[in-house]
Amino acid sequence: MPLRLFNTMSARVEEFDSLQPNEVRMYACGPTVYDYGHIGNFRTFVAVDVLQRFLRQSGYKVRYVMNITDVDDKIIRNSARDGVPVRQYTEKYENAFLEDAATLNIQQPALVRATEHIPAMASFIARLEHKGFAYRTDDGSYYFRIAKFPAYGKLSKKDFAGMEDGARVDVDEYEKDNARDFALWKAPKPGEASWDTAIGPGRPGWHIECSVMSMEELGETFDLHAGGEDLIFPHHENEIAQSESLTGKTFANFWFHARFLLVEGEKMSKSLGNFYTPRDLVLMGHKPSSIRYLLTSVPYRHQLNFTFDGLKQAATSVDRLRNFRLRLSQGQFPAGANEAMAKLARETVERMKSALEDDLNTAQAQAAIFEMVRTANAAFDAGEIKKDDVSPLFVAIEKFDEIFAVLADDDVPKMKAILEWARSTGREKDISKELQDLVGSGALSDAEVEKKIADMNAARAERKFKESDALRAELTAAGIIVENTKDGVRWRRK
Ligand code: AMP
Ligand code: ZN
Numbered sequence: 307m308p309l310r311l312f313n314t315m316s317a318r319v320e321e322f323d324s325l326q327p328n329e330v331r332m333y334a335c336g337p338t339v340y341d342y343g344h345i346g347n348f349r350t351f352v353a354v355d356v357l358q359r360f361l362r363q364s365g366y367k368v369r370y371v372m373n374i375t376d377v378d379d380k381i382i383r384n385s386a387r388d389g390v391p392v393r394q395y396t397e398k399y400e401n402a403f404l405e406d407a408a409t410l411n412i413q414q415p416a417l418v419r420a421t422e423h424i425p426a427m428a429s430f431i432a433r434l435e436h437k438g439f440a441y442r443t444d445d446g447s448y449y450f451r452i453a454k455f456p457a458y459g460k461l462s463k464k465d466f467a468g469m470e471d472g473a474r475v476d477v478d479e480y481e482k483d484n485a486r487d488f489a490l491w492k493a494p495k496p497g498e499a500s501w502d503t504a505i506g507p508g509r510p511g512w513h514i515e516c517s518v519m520s521m522e523e524l525g526e527t528f529d530l531h532a533g534g535e536d537l538i539f540p541h542h543e544n545e546i547a548q549s550e551s552l553t554g555k556t557f558a559n560f561w562f563h564a565r566f567l568l569v570e571g572e573k574m575s576k577s578l579g580n581f582y583t584p585r586d587l588v589l590m591g592h593k594p595s596s597i598r599y600l601l602t603s604v605p606y607r608h609q610l611n612f613t614f615d616g617l618k619q620a621a622t623s624v625d626r627l628r629n630f631r632l633r634l635s636q637g638q639f640p641a642g643a644n645e646a647m648a649k650l651a652r653e654t655v656e657r658m659k660s661a662l663e664d665d666l667n668t669a670q671a672q673a674a675i676f677e678m679v680r681t682a683n684a685a686f687d688a689g690e691i692k693k694d695d696v697s698p699l700f701v702a703i704e705k706f707d708e709i710f711a712v713l714a715d716d717d718v719p720k721m722k723a724i725l726e727w728a729r730s731t732g733r734e735k736d737i738s739k740e741l742q743d744l745v746g747s748g749a750l751s752d753a754e755v756e757k758k759i760a761d762m763n764a765a766r767a768e769r770k771f772k773e774s775d776a777l778r779a780e781l782t783a784a785g786i787i788v789e790n791t792k793d794g795v796r797w798r799r800k
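Following the numbering used here from start to finish, the sequence shown increments by one per residue and tops out at 800.
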């Protein structure tokens, strides 16, 4: 069966068909790097990661591009507030995004940065103006004239008839029913970053960034454009207006939107105190693999209600899968084959495939693997798994993990890196006991190091060398370098 996906443009589930045989060109709107990404952002990025992984597993060559929005209203405002250049401001959060994505086993797309495509954006706007789709205002800003693009609203299914021609909005994000000419280019304001270009000085609006970079990387028409559901309007509607009015061609064939995540049944927000980044969760002692598993456990078009109970259950699920694989790799099996096991493994692979082909039904794919694990574990206990059954069962587990990517037992080093980040950024108070226990001795706090050094010195003074050596070895194993200087004992972290 071919892959079937919901297309926001047609508002129905459609058979996915690529423009070029066996090749998919897709674009996802990436993060605006003005802060750390939260689990809602990663819900969407993980959903798109699952999609691109499944396309690859299905035999497609995938060209997957994501932008980094490193210039927008919020970034300009914050960098001006902090008195630092835009690049310096965004670099930190861009790196943090890449680290978090890697922590969640998101395969890295080809990345493009908005600030590296400014001349192309200016030229795009100049061409829009030439065709009558854009106009310049007295201050040197440029706006898109939506009255010239009658298809405006076709993605979000909004009817903008009767809207006022020439009414403008100059912020990047605005109210849902606001059909106004939107800013393509913003004239410089005192103290704000700007670029000198062929259309004058200023900076691009958010929407033009994605139109320009996606078309530059993937062509005037490409297969699929993705993002969270909040981007349908105005962002994607505006991208379509800009791109299609310039080329006269369809911009993207498929529009893929992930539904917003809730936390404990509520909209995630800082003011409600239910706002979490993946780093926050790791500091609380949760594993990256549990987070990823939970984010994939509800199909992308369904509301995912993130709860701490759910996160614990996700951890249990990942453990069960890892234990099963361990059992398979370490077990001793009698020679021969149990045809029922090979059949079970084959059917599981088929069930996972059909589940994912059904608009990426990740929940059903997970149910299929768990059913296999349950049956195979029972067979294992009854001594009914034979040597030749191991390989097909492995194949099923591996196929699952090509998509879900939770089986590699690499949580501890990732958690350790986050713990060290917390220490180096003054967030020591957020490091939970659970996290410390999980990462083991590597997680010694400053106070604990001091205490061990004091104990070591005391033992040495009492000539209890075995005890002092053991303490020293413990510190070394925890990456603590202890030096005896003439001013006494000093220590540092490796
Ligand atoms: P931003 O950095 O705000 O531009 O967002 C990056 C991506 O995260 C976009 O695709 C958003 O649609 C998506 N996003 C933001 N909040 C949530 C949420 N609560 N649930 C799911 N996706 C979200
Ligand atoms: Zn975008």
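Ideal Cβ placement from N, Cα and C applies to all residues, glycine included.
Between the C-alpha atoms of residue i and residue j, what's the straight-line distance to the nearest angstrom?
{"i": "G446", "j": "V392", "result": "21 Å"}
{"i": "S462", "j": "T556", "result": "16 Å"}
{"i": "R657", "j": "A671", "result": "7 Å"}
{"i": "Q742", "j": "G591", "result": "8 Å"}
{"i": "D444", "j": "W491", "result": "13 Å"}
{"i": "S575", "j": "T731", "result": "23 Å"}
{"i": "L357", "j": "D341", "result": "26 Å"}
{"i": "V354", "j": "Q414", "result": "11 Å"}
{"i": "A767", "j": "L781", "result": "18 Å"}
{"i": "K705", "j": "Q363", "result": "8 Å"}
{"i": "P366", "j": "A407", "result": "Before going on, a small fix: residue 366 reads as Tyr here, not Pro. Rounded to the nearest angstrom, the two C-alpha atoms are 23 Å apart."}
{"i": "R331", "j": "L524", "result": "6 Å"}
{"i": "R628", "j": "T421", "result": "43 Å"}
{"i": "W797", "j": "P719", "result": "22 Å"}
{"i": "M721", "j": "R729", "result": "12 Å"}
{"i": "I691", "j": "D323", "result": "41 Å"}
{"i": "Y449", "j": "E550", "result": "16 Å"}
{"i": "R451", "j": "D378", "result": "21 Å"}
{"i": "A684", "j": "S517", "result": "54 Å"}
{"i": "F639", "j": "V712", "result": "26 Å"}
Can you check DSSP and say which residues form a bridge with residue i?
{"i": "V712", "result": "Answer is none; V712 lacks a bridge partner."}
{"i": "W501", "result": "G508"}
{"i": "Q326", "result": "E329"}
{"i": "T338", "result": "T375"}
{"i": "T791", "result": "G794"}
{"i": "R799", "result": "I786"}
{"i": "R585", "result": "DSSP output for R585 lists no bridge partner at all."}
{"i": "L417", "result": "M372"}
{"i": "A489", "result": "Y449"}
Confirm the yes/no value for this check: CB of residue i, any heavy atom of the ligand AMP, distance under 7 Å.
{"i": "C516", "result": "no"}
{"i": "R331", "result": "no"}
{"i": "L524", "result": "no"}
{"i": "R349", "result": "yes"}
{"i": "P337", "result": "yes"}
{"i": "D487", "result": "no"}
{"i": "G534", "result": "yes"}
{"i": "M574", "result": "yes"}
{"i": "F566", "result": "yes"}
{"i": "L537", "result": "yes"}
{"i": "G346", "result": "yes"}
Output needed for residue i: all residues of its chain with C-beta closer than 8 Å, excluding positions within five of it in sequence on either side, in chain order.
{"i": "R778", "result": "M762, V788"}
{"i": "D384", "result": "Checking the displayed sequence, the identity of residue 384 turns out to be Asn instead of Asp. Excluding sequence neighbours, N384 sits near Y340, Y395."}
{"i": "L325", "result": "R331, T527, F528, D529, N559"}
Please determine whether the Cβ atom of residue i lies at a distance below 7 Å from any heavy atom of the ligand FMN.
{"i": "N384", "result": "Judged by which ligands are present, the ligand FMN is missing from the structure shown, whose ligands are the ligand AMP and the ligand ZN."}
Looking at the ligand ZN, does it come within less than 7 Å of residue i, judged from the CB to the closest heavy atom?
{"i": "N411", "result": "no"}
{"i": "H541", "result": "yes"}
{"i": "N373", "result": "yes"}
{"i": "E550", "result": "no"}
{"i": "E320", "result": "no"}
{"i": "E704", "result": "no"}
{"i": "E435", "result": "no"}
{"i": "E545", "result": "yes"}
In chain order, what residues of the same chain lie with their CB nearer than 7 Å to the CB of residue i, ignoring the 5 residues before and after it?
{"i": "D695", "result": "A643, N644, M647, A648"}
{"i": "G506", "result": "G446"}
{"i": "A669", "result": "S603, V604, P605"}
For residue i, which residues of its own chain have a beta-carbon under 6 Å away from its beta-carbon, when the five flanking residues on both sides are left out?
{"i": "A641", "result": "K693"}
{"i": "D476", "result": "A489"}
{"i": "D388", "result": "none"}
### Task
Kindly confirm or deny that the region 493–507 and the region 316–331 touch, where touching means at least three C-beta pairs closer than 8 Å.
no
### Query
Is the region 561–569 touching the region 345–364 in the sense that three or more CB pairs, one from each, lie closer than 8 Å?
yes
### Query
Can at least three beta-carbon pairs, one atom from the region 610–621 and one from the region 369–385, be found at a separation below 8 Å?
no
### Message
Does the region 663–683 come into contact with the region 610–618, if we say contact requires no fewer than three beta-carbon pairs (one atom in each stretch) closer than 8 Å?
### Response
no
### Query
On the three-pair Cβ rule with 8 Å, is the region 423–442 touching the region 523–533?
Counting Cβ pairs under 8 Å, fewer than three are found: no touch.
### Message
Taking 8 Å as the cut-off, does the region 509–518 touch the region 542–549 (at least 3 CB pairs, one atom from each stretch)?
### Response
Touching, yes.
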